[in-house]
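Novice: Structure in structure tokens, see below.
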Amino acid sequence: MKTTALLVLGIALVAIGLMPAVALGGGAGMARPAIEMKSNLAGKKVIATPGKLGIYYWDVEKKAGGKIRCTGSCLTKWPAVFVKSPVDKHVKGVMATFGTIKRGGKLQLTVNGLPAYTYEGDTPGVVKCDGVEGWHAVRAG
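Numbering of the sequence shown is given in the working numbering, commencing with residue 282 and proceeding in unit increments.
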């Protein structure tokens, strides 16, 4: 019973955005690591956290073959999206491929093979830094 209550609390906190850079792992009965969301970017759909924060990738990491390059002060501005356990490769209703990469002792979500981040200045439903300094919102589809 305690485990169920903690899981429900964790899902509720993610849903209301109190844990924006942390998503729960995949698997049957678990919360989805990401959703598709209509954004403020000319009506384009983007991939977002369950708390509706846009998920971004960085050109530097794309050129590095998906290896983590955002460290130190970069992580303050661009918080990594962590998951508690490996995630399902495909999520119903979300046009992207998911996975994880190890970052220290944690698992960081990957979307389409690239480490996933949010932006510190975003608010739920609003994507502010698409195309800024090599950072891009992950488009759905």
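Backbone N, C-alpha and C fix where the C-beta goes; we use that ideal spot for every residue, glycine too.
Put Glu342 into one of helix, strand or coil per three-state DSSP.
Specialist: Taking the first residue of the sequence shown as 1, we reach residue 342 at position 61. Three-state DSSP puts Glu342 in a helix.
Novice: Where does Lys358 sit, in a helix, a strand or coil, going by DSSP?
Specialist: Counting from 1 along the sequence shown, the entry for residue 358 is found at position 77. Three-state result, Lys358: helix.
Novice: Would Tyr398 and Ala361 be called neighbours here (beta carbons separated by less than 7 Å)?
Specialist: Here residue 398 is taken as the residue at index 117 of the sequence shown, counted from 1. Here residue 361 is taken as the residue at index 80 of the sequence shown, counted from 1. Closer than 7 Å, so yes.
Novice: Using three-state DSSP, classify Tyr398 as helix, strand or coil.
Specialist: Position 117 of the sequence shown, counted from the start, is the residue given in the question as residue 398. Residue state, collapsed to three classes: strand.
Novice: Based on DSSP bridge pairs, tell me the residues matched to His417.
Specialist: Residue 417 sits at position 136 when you count from the first residue of the sequence shown. DSSP lists Tyr338 as partners of His417.
Novice: Put Arg350 into one of helix, strand or coil per three-state DSSP.
Specialist: As a working mapping, residue 350 is identified with position 69 in the sequence shown. Arg350: coil per DSSP, three-state reduction.
Novice: Spatial neighbours of Leu322 within its chain, please: CB distance less than 8 Å, with the 5 preceding and 5 following residues excluded, ordered by chain position.
Specialist: Within the sequence shown, residue 322 is the residue found at index 41, counting from 1. Cβ neighbours of Leu322 beyond the five flanking positions: Val408, Asp411 and Ala418.
Novice: With distances taken from CA atoms, which of Lys319, Lys365, Pro331 and Glu317 is nearest Leu388?
Specialist: One-based indexing of the sequence shown puts residue 388 at position 107. When each option's Cα is compared against that of Leu388, the closest is Lys365.
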